[in-house]
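Visitor:
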């Protein structure tokens, strides 16, 4: 079973995303900031990461940059998921190492479409 | 929804667009029509239906009929079909076209996502077989509002995130202050839009090298399907191709078209598929 790490400081967003991703057949784990997520990735690299931008401790941009420097850190497909949805922010996320970008709010159709775009399903 | 109201609406949809409305969609229809009924000052859906029956109001009737249609569409729906069209069908047609001018018709194109997807593929793919070609895309829909929206080339937050990669969004669209995204001038320049009811003749639209009619026939009553397929066959240029969605077929609807073979979901004029295969 493929694994997905959902990184967001909002418990509600994590809960909604978890339900959708589980329905897509993934095993899900959650982290509430980039620092916690990085520690989890060092133990076990997930297949997919859904990543918020603004979080305490370590934001999404710093996380994805750090992740890509880790051993095996280029493997996970990273899908940013943020309210920072103007073109400049999106470009910054992609140039930092993200593979796709979801503009919040999102629904199951969007998440499924984006996972398909990056070959996760 | 009461049976008599549902039946009246189902009759309206059948007569106006040939669509079969399923009882299981009654709640959706109720939600879609509630806004129209409120705006027009009707106390209930019943009053709206009564008005449509008793008074001539073609504009309101058309709006209600359009609201009964499924508008669900997204970018790059069944990508393999579109890839086959751009990568195989168009180069073959171009090789047989002395003018280098090809016409594609997205019949029942809703709010334009299919036409814009094709336009993006034509922008992005540098296929030697298509160099120098002038390719025109016409998208038509029965709903004037959908056609107008397609003409603007402006899509909302949810629409641009269904089927469209973020790279393509950034490359081909500009974010407006409203938060919507507008297709580039280059994409829009290739596409023309017309309101057209597929139950009506389409002689005025001209002939087409490729007619894409996906997920339209499957929602129609059989009598309407037969009529629409006749129209598609009439508008197909010699050697042209009709493309359907996965799972759709023209068997039993017409003797004028037959499966093309090779490209899934594609149909050609009867008697030409084997000749084409032999030539290949």
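Residue numbers (our numbering), protein chains in the order written: chain A, 498 to 618; chain B, 2 to 281.
Beta carbons: idealized from backbone N, C-alpha and C, even for Gly.
Note that the coordinates shown come from a computational prediction; the quantities given were computed from them, not determined experimentally.
(1) Look up residue 586/A in the DSSP assignment and say whether it is helix, strand or coil.
(2) With 16 other CB atoms within 10 Å as the buried threshold, where does residue 150/B fall?
(3) Does DSSP put residue 52/B in a helix, in a strand, or in coil?
(4) Could you give the DSSP three-state label for residue 515/A: helix, strand or coil?
(5) According to the Cβ coordinates, are residue 66/B and residue 17/B closer than 9 Å?
(6) How big is the Cα-Cα spacing for residue 192/B and residue 117/B?
(7) So is residue 75/B in contact with chain A if we call contact Cβ pairs under 9 Å?
(8) For the alpha helix (DSSP H) holding residue 618/A, just list the boundary residues, first then last.
(9) Under a three-way DSSP split, which group does residue 104/B fall into?
(10) Would you mind telling me which residues of chain B sit closer than 7 Å to residue 593/A, beta carbon to beta carbon, in chain order?
(11) Kindly provide the ranges of any beta strand (DSSP E) runs that are 3 or more residues long and lie completely inside the stretch 193-226 of chain B, ordered along the chain.
(12) Locate the alpha helix (DSSP H) running through residue 43/B, then write down its first and last residues.
(13) Just mark residue 102/B as buried or exposed, buried being the case when its beta carbon has 16 or more other beta carbons within 10 Å.
(14) Which of the three DSSP states is assigned to residue 576/A in this structure?
(15) Please determine whether the Cβ atom of residue 115/B lies at a distance below 8 Å from any heavy atom of the ligand ZN.
(16) Please compile the residues from chain A whose C-beta is within a distance smaller than 9 Å of the C-beta of residue 164/B.
(17) Counting pairs of Cβ atoms below 8 Å between the stretch 81-98 of chain B and the stretch 42-52 of chain B, do you hit three or more?
Guide: Result, derived from the coordinates:
(1) Residue 586/A falls in the helix class under three-state DSSP.
(2) buried
(3) helix
(4) helix
(5) yes
(6) 8 Å
(7) yes
(8) It is not in any alpha helix (DSSP H) - residue 618/A carries neither H nor E in the DSSP assignment.
(9) Reduced to three states, the DSSP call for residue 104/B is strand.
(10) Near residue 593/A there are no residues of chain B at all, since even the closest Cβ is about 13 Å away, more than 7 Å.
(11) 209-213
(12) Note, residue 43/B: premise wrong, no alpha helix (DSSP H); not H, not E.
(13) exposed
(14) strand
(15) For the structure depicted, the ligand ZN is absent and the ligand set is empty, with no information on it obtainable.
(16) 610, 613, 614
(17) no
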